[in-house]
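Under this note's numbering, the residues of the sequence shown are numbered 14 to 72, in order. One structure is given here, and the rest of the page talks about it.
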Amino acid sequence: MPRKKMSERNVRKLMKTGNGSILVTLPIEYIRDLGWREKQNVVVKRVKGGLLIKDWRSR
């Protein structure tokens, strides 16, 4: 499988799950840099122009 171009690397698609929720994948480099793990709780907040995703425990 060929690698994506740098300009396309962070472009993601929204996908529908079986129960009707929508999901988006995040770049693994970001997850590793933040030290996040699978099944970790995060907060999703709507902000002007998009969404903010942050660790549930961060203050």
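Every residue gets a Cβ at the ideal spot worked out from N, C-alpha and C, and that includes glycine.
- Collapsing the DSSP output to three states places L39 in coil.
- When only Cα atoms are considered, I35 and Q53 end up about 18 Å apart.
- Within the model, the alpha-carbon separation for T38 versus I44 is close to 10 Å.
- Distance from the CA of N23 to the CA of I66, rounded to the nearest whole angstrom, comes to 16 Å.
- Look at R45 here: in three-state DSSP terms it is helix.
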